[in-house]
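Colleague: Sharing a structure with you now.
Number of protein chains: 2
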Amino acid sequence: MEPVASCTTRNKNNNHRCAQCSVRLIAFCGILDDSDIIQLEAISKNKSFPKGTNIFFQGDQVKTFFNIKQGSIKIYKLSHDGRKQIVGFLYPGDFLGMSDQEVYTYTAEALEDTQLCQFNKIVLENFFLKFPKIENKILNLVNHELAVAQDQIFLLGKYSARERLLQFFLNISNQREKLGWGGNPIRLSMSRTDIANYLGLTIETVSRTLSELKNEQIIRMIGTHDIFLNNKKQIPQYLN
Amino acid sequence: MEPVASCTTRNKNNNHRCAQCSVRLIAFCGILDDSDIIQLEAISKNKSFPKGTNIFFQGDQVKTFFNIKQGSIKIYKLSHDGRKQIVGFLYPGDFLGMSDQEVYTYTAEALEDTQLCQFNKIVLENFFLKFPKIENKILNLVNHELAVAQDQIFLLGKYSARERLLQFFLNISNQREKLGWGGNPIRLSMSRTDIANYLGLTIETVSRTLSELKNEQIIRMIGTHDIFLNNKKQIPQYLN
DNA sequence: CGAGCCATTGAATGCCATCAATTTTAGTGG
DNA sequence: CCACTAAAATTGATGGCATTCAATGGCTCG
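Now the structure itself:
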C-alpha cells in the first residue's frame with residue numbers, strides 16, 4: 004500500500020551548514036550560539052526523502068531523531084483492522100521521532116520532497132548532557148505539540164465538518180506565517196484523502212464541504228491544492 | 004456554573020514526607036534517591052482540593068506545577084460559544100500544569116477529594132539545573148501524555164460510540180493496574196456528562212450504549228459508577 | 001492521448017444528536 | 001430511618017448530518 008522507505012545521504016563538507024540553516028531560529032538548534040552549533044553540526048546528517056517515501060514505520064525501533072528543514076510530513080497511526088488516522092502534519096522547524104516508548108507509535112511519510120537533518124538518538128541524548136539548554140528547548144517543543152494535539156481533540160470532539168475544514172485552513176495559514184511565508188493564499192501539500200483522515204471525515208464530505216465554501220465565496224481555489232481565504236478575519240475561531 | 008477554587012494547605016513538618024510518598028515510583032520524583040529527594044521536599048507543598056473545586060483555570064498565568072498524589076482530575080477546554088471538551092483525566096503520579104505558553108490552555112478540576120503536591124514554577128525550573136535528570140524524566144512524561152493524546156485523536160476520528168466506551172474502560176483498567184490497584188472492576192470517578200464530553204458523544208448516547216453493553220453481558224454494573232468487565236480479554240483492541 | 005488515479009456530485013442509508021418524558025440516584029432534613 | 005427534593009441517569013421518538021454506495025468528471029503522467 005505505502006511505498007518503501009528510501010533516502011539519500013548528502014553530508015557535504017561545506018562549513019557552517021547549521022549556522023546558515025533556514026530553520027535554525029525555530030528549531031531546537033536555535034538556542035545554541037555560533038560557536039556551539041559547530042559541535043551539533045558534527046553529529047548531524049542531511050537526508051533527503053522524495054515525495055511519498057516513508058521516514059520510519061509504526062513499530063520500528065527508535066534509533067534516530069530528525070529536524071525538518073524543508074518540505075512537509077504526515078504522521079499517522081494504523082489500527083489492526085486497517086483504519087488510518089493522521090495525527091499530525093509537520094513542517095520546517097518541527098522535531099520528529101521522539102517517543103516515550105522503544106518503538107515509534109506512528110508512521111512518518113513525506114508529503115513532498117523533503118529535507119531532514121538526522122541525529123542518532125544515543126548521540127543526541129549524550130549531547131543533552133553537555134548542553135542541557137537543548138533538552139529544555141525540546142521539552143518546550145513537545146509541550147507545544149501536546150497543546151496542538153489537545154486542540155485537535157477539541158476539533159474532533161466538537162466541531163462540524165465545515166468548522167473542521169475552516170479551522171484546518173486557519174492552522175495552515177498560521178503555520179505559514181510562523182515560517183515567514185504569506186498566510187494567504189495557502190497550499191495544501193496533502194490529498195483529500197489525507198485531509199479526511201486527519202479531520203475525522205470522509206473524502207466525500209471534505210469535497211462537498213469545500214464546494215459549499217466555494218459557492219458561499221468564503222474561499223477561492225486555484226487548482227485543487229491552492230486556497231485563497233476571501234476574508235480570513237471573518238472566519239470564526241472558537242478557541243483562544 | 005463551576006464551583007470557585009478553594010484549597011487548604013497542610014505543609015506538615017513530618018520528616019521524609021516525599022521518601023514515603025505512595026506515588027514516588029511513578030511520578031517524576033522517582034528518579035531522585037533518598038538523599039536528594041529531601042531537597043525536593045523542601046520546595047514542595049501539600050495541597051488538598053475537595054471534589055468539584057478548580058485547581059486552575061484556562062487563561063490563568065502559569066505559576067505552579069503539581070504532582071497528583073491521590074484522587075483524580077479532569078482537564079477541559081471551553082470554546083467561546085460554550086462548548087466543553089474534556090482533553091484528559093489525570094490520576095496519581097501524573098504531572099500537571101506545564102505549558103508551552105504563559106497561560107494554562109485548559110481548566111483543571113478535581114473529580115473527587117484530591118491531594119496534590121505543589122511546586123512554584125520558577126523554583127522547580129531552577130531545581131532542574133541542579134538535577135537535570137528531573138527535566139529528562141518530565142520530558143518522558145510529556146512524551147507519554149502526547150502519545151495518549153494521539154490515541155485519543157484516533158478514538159475520536161475513527162471509533163464508533165461503542166468502541167469509544169469500551170476503549171475508555173480498558174484505559175481506566177490499565178491505568179489502575181499501573182497504580183497497582185486491580186484492573187477489574189473499575190470505578191468511574193466522573194459523571195456521564197464528563198464521559199460524553201471526553202468521548203465526543205452526548206450523555207444519551209453514553210447511557211444507551213452502556214445499556215446495550217449490559218444487555219449483551221459485556222459489562223456488569225454495581226450502582227452507576229462501578230463497572231465489572233465480564234471478559235476483559237475479549238474486548239477488541241485496535242491499536243498497539 | 002489514453003489510462004489510472006483523484007476529486008466531485010448524487011441518492012439513499014444509518015448512526016448519533018436532539019427533543020421530550022420518565023425513572024433512579026444522591027443528598028438533606030425531619 | 002424515611003420522606004422529600006433536586007440532580008443525574010435512563011429510555012423513547014424523531015430528525016439531521018455525515019457516511020456509504022454509486023457514477024461522473026477532471027487532472028496527471030507515462
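In the order they appear, the protein sequences are chains Z and R. Its first residue numbered 4, the first sequence is counted upward by one per residue in the working numbering. Its first residue numbered 4, the second sequence is counted upward by one per residue in the working numbering. Glycine included, every Cβ here is placed at the ideal spot set by N, Cα and C.
Taking the CB atoms as reference points, tell me whether L144 of chain Z and F98 of chain Z lie closer together than 8 Å.
Modeller: For this step, residue 144 of chain Z is matched to residue 141 along the first sequence. For this step, residue 98 of chain Z is matched to residue 95 along the first sequence. Yes.
Colleague: Does any CB atom of chain Z fall closer than 8 Å to the CB of H83 of chain R?
Modeller: In the second sequence, counting from the first residue as 1, residue 83 of chain R sits at position 80. Yes, contact with chain Z.
Colleague: Hey, how far is the Cα of E207 of chain R from the Cα of K77 of chain Z?
Modeller: Locating residue 207 of chain R in the second sequence gives position 204, where the first residue counts as 1. Locating residue 77 of chain Z in the first sequence gives position 74, where the first residue counts as 1. Distance between the alpha carbons of E207 of chain R and K77 of chain Z: 35 Å.
Colleague: Note down, in chain order, every chain R residue with its Cβ under 8 Å from the Cβ of V145 of chain Z.
Modeller: Locating residue 145 of chain Z in the first sequence gives position 142, where the first residue counts as 1. Residues of chain R whose Cβ lies closer than 8 Å to the Cβ of V145 of chain Z are, in chain order, L142, V145, N146, L149.
Colleague: Check F92 of chain Z in the structure and name its three-state DSSP category.
Modeller: Stepping through the first sequence from its first residue, residue 92 of chain Z is reached at position 89. In the structure shown, F92 of chain Z sits in a strand (DSSP, three-state: E or B).
Colleague: Using Cβ-Cβ distances below 9 Å, what residues of the segment 78-103 of chain R are close to chain Z?
Modeller: I78, K80, L81, S82, H83, D84, R86, K87, Q88, I89, V90, G91, M101, S102, D103
Colleague: What are the start and end residues of each continuous alpha helix (DSSP H) run of 4 or more residues lying completely inside the segment 27-83 of chain Z, in chain order?
Modeller: 37-45
Colleague: Give the straight-line distance between the Cα atoms of M111 of chain R and N57 of chain R, rounded to the nearest whole angstrom.
Modeller: One-based indexing of the second sequence puts residue 111 of chain R at position 108. One-based indexing of the second sequence puts residue 57 of chain R at position 54. In the sequence on display, residue 111 of chain R carries Ala and not Met. Going from the Cα of A111 of chain R to the Cα of N57 of chain R covers about 6 Å.
Colleague: Counting only Cβ pairs nearer than 8 Å, list the residues of chain Z close to Y107 of chain R.
Modeller: As a working note, residue 107 of chain R is residue 104 in the second sequence. Residues of chain Z passing the Cβ test: none, with the nearest at roughly 10 Å.
Colleague: Quick check on E219 of chain R: buried or exposed, where buried means 16 or more other Cβ atoms within 10 Å of its Cβ?
Modeller: Numbered from 1 along the second sequence, position 216 holds the residue referred to as residue 219 of chain R. The residue in question, E219 of chain R, is exposed, as its Cβ has fewer than 16 Cβ neighbours within 10 Å.
Colleague: Taking the alpha carbon of K237 of chain Z as the point to measure from, which residue in Z:I71, Z:F134, Z:I221, Z:F231 has its own alpha carbon closest?
Modeller: To locate residue 237 of chain Z, count along the first sequence from 1; it is residue 234. Residue identity differs from the one stated: residue 237 of chain Z is Gln in this sequence, not Lys. The candidate whose alpha carbon is nearest that of Q237 of chain Z is Z:I221.
Colleague: Could you check if E138 of chain Z is buried or exposed, using at least 16 other CB atoms within 10 Å of its CB as the buried criterion?
Modeller: Along the first sequence, one-based indexing puts residue 138 of chain Z at 135. By the 10 Å Cβ count, E138 of chain Z comes out buried.
Colleague: Is it buried or exposed, K66 of chain R, if we count other Cβ atoms within 10 angstroms and call 16 or more buried?
Modeller: Residue numbering aside, residue 66 of chain R sits at position 63 when the second sequence is read from its first letter. It counts as exposed.
Colleague: Give the residues of chain R in contact with L159 of chain Z, contact being defined as C-beta atoms less than 7 Å apart.
Modeller: Taking the first sequence and counting its residues from 1, the one referred to as residue 159 of chain Z is at position 156. Those are I156, L159, G160, G203, listed as they occur along chain R.
Colleague: Just to confirm, is the Cβ distance from Q121 of chain R to K54 of chain R under 8 Å?
Modeller: Here residue 121 of chain R corresponds to residue number 118 of the second sequence, with the count starting at 1. Here residue 54 of chain R corresponds to residue number 51 of the second sequence, with the count starting at 1. No, Cβ-Cβ distance for Q121 of chain R and K54 of chain R is not below 8 Å.
Colleague: Give the DSSP-derived three-state secondary structure of A111 of chain R in the structure shown.
Modeller: As a first step, residue 111 of chain R is located in the second sequence; it is residue number 108 there, counting from the start. Reduced to three states, the DSSP call for A111 of chain R is strand.
Colleague: Alpha carbons only, please: which of Z:L232, Z:D63, Z:Q153, Z:D229 is nearest the one belonging to Q104 of chain Z?
Modeller: For the purposes of this step, residue 104 of chain Z is taken as residue 101 along the first sequence, with counting starting at 1. For the residues Z:L232, Z:D63, Z:Q153, Z:D229, the minimum Cα distance to Q104 of chain Z belongs to Z:D63.
Colleague: Look at the alpha carbon of L242 of chain R and the alpha carbon of S102 of chain Z, and state the distance between them as a whole number of angstroms.
Modeller: By 1-based counting over the second sequence, the position of residue 242 of chain R is 239. By 1-based counting over the first sequence, the position of residue 102 of chain Z is 99. Approximately 16 Å between the Cα atoms of the pair.
Colleague: Using C-beta distances below 6 Å, list every residue in its chain close to L168 of chain Z, excluding the 5 sequence neighbours before and after it, in chain order.
Modeller: In the first sequence, the residue the question calls residue 168 of chain Z occupies position 165. Cβ within range, chain order: T212.
Colleague: Would you say L242 of chain R faces chain Z, with C-beta separation under 8 Å as the test?
Modeller: Reading the second sequence from its first residue, position 239 is the one you call residue 242 of chain R. Yes - at least one Cβ of chain Z is within 8 Å of the one on L242 of chain R.
Colleague: For L149 of chain Z and Q240 of chain R, I'd like the C-alpha separation in whole angstroms.
Modeller: The count along the first sequence starts at 1 and reaches residue 149 of chain Z at position 146. The count along the second sequence starts at 1 and reaches residue 240 of chain R at position 237. Each residue's Cα considered, the two are about 24 Å apart.
Colleague: Would N14 of chain Z be called buried (16 or more neighbouring beta carbons within 10 Å of its own) or exposed?
Modeller: Taking the first residue of the first sequence as 1, we reach residue 14 of chain Z at position 11. At N14 of chain Z, the pLDDT of 44 sits below 50, so the modelled position is not reliable and the matter cannot be decided from this model.
Colleague: Where do the N-terminal and C-terminal ends of the beta strand (DSSP E) with D229 of chain Z fall, by residue?
Modeller: If you number the first sequence from 1, residue 229 of chain Z lands on position 226. From DSSP, the beta strand (DSSP E) with D229 of chain Z extends over 229-232.
Colleague: Which chain R residues sit within Cβ distance under 8 Å of N139 of chain Z?
Modeller: The sequence position of residue 139 of chain Z within the first sequence is 136, counting from 1. The answer, in chain order, is F131, E138.
Colleague: Is the beta carbon of G91 of chain Z sitting closer than 8 Å to the one on I71 of chain Z?
Modeller: The sequence position of residue 91 of chain Z within the first sequence is 88, counting from 1. The sequence position of residue 71 of chain Z within the first sequence is 68, counting from 1. No, they are not a contact pair.
Colleague: For N172 of chain R, which three-state DSSP category applies?
Modeller: Here residue 172 of chain R is taken as the residue at index 169 of the second sequence, counted from 1. First, the residue type needs correcting, since residue 172 of chain R is Phe and not Asn in the sequence shown. Here F172 of chain R sits in helix by DSSP.
Colleague: Would the beta-carbon of I225 of chain R fall within 8 Å of that of I189 of chain R?
Modeller: Locating residue 225 of chain R in the second sequence gives position 222, where the first residue counts as 1. Locating residue 189 of chain R in the second sequence gives position 186, where the first residue counts as 1. Cβ distance not < 8 Å, so I225 of chain R and I189 of chain R don't count as in contact.
Colleague: Can you say whether S176 of chain R is buried or exposed, counting buried as having 16 or more other CB atoms within 10 angstroms of its CB?
Modeller: Taking the second sequence and counting its residues from 1, the one referred to as residue 176 of chain R is at position 173. Classification of S176 of chain R: buried, given that the 10 Å Cβ count is 16 or more.
Colleague: Compute the distance between the beta-carbons of I156 of chain R and Q155 of chain Z, then report whether it is under 8 Å.
Modeller: Locating residue 156 of chain R in the second sequence gives position 153, where the first residue counts as 1. Locating residue 155 of chain Z in the first sequence gives position 152, where the first residue counts as 1. Their beta carbons are under 8 Å apart, which means I156 of chain R touches Q155 of chain Z by this criterion.
Colleague: By the three-class DSSP mapping on this structure, what secondary structure does L144 of chain Z have?
Modeller: Position 141 of the first sequence, counted from the start, is the residue given in the question as residue 144 of chain Z. Of the three classes helix, strand and coil, the one that applies to L144 of chain Z here is helix, per DSSP.
Colleague: According to a CB-to-CB cut-off of less than 7 Å, which residues of the segment 160-194 of chain Z neighbour chain R?
Modeller: Going along the segment 160-194 of chain Z in chain order, one finds G160, K161 with a Cβ nearer than 7 Å to chain R.
Colleague: List the residues of chain Z whose Cβ lies closer than 9 Å to the Cβ of Q237 of chain R, in chain order.
Modeller: The sequence position of residue 237 of chain R within the second sequence is 234, counting from 1. Those do not exist, as Q237 of chain R stays about 15 Å from chain Z at its closest Cβ, beyond 9 Å.
Colleague: Which word fits L158 of chain R, buried or exposed, when buried means at least 16 other C-beta atoms lie within 10 angstroms of its C-beta?
Modeller: Taking the second sequence and counting its residues from 1, one reaches residue 158 of chain R at position 155. The residue is buried, with at least 16 neighbouring Cβ atoms inside 10 Å.
Colleague: Quick check on DSSP: helix, strand or coil for N177 of chain Z?
Modeller: The sequence position of residue 177 of chain Z within the first sequence is 174, counting from 1. N177 of chain Z falls in the helix class under three-state DSSP.
Colleague: How about A30 of chain R: is its C-beta nearer than 8 Å to some C-beta of chain Z?
Modeller: Looking up residue 30 of chain R in the second sequence gives position 27. Chain Z contact via Cβ: absent.
Colleague: Can you list the residues of chain Z that A152 of chain R reaches, using a CB-CB cut of under 7 Å?
Modeller: In the second sequence, the residue the question calls residue 152 of chain R occupies position 149. Here the neighbours are L149, A152, Q153, I156.
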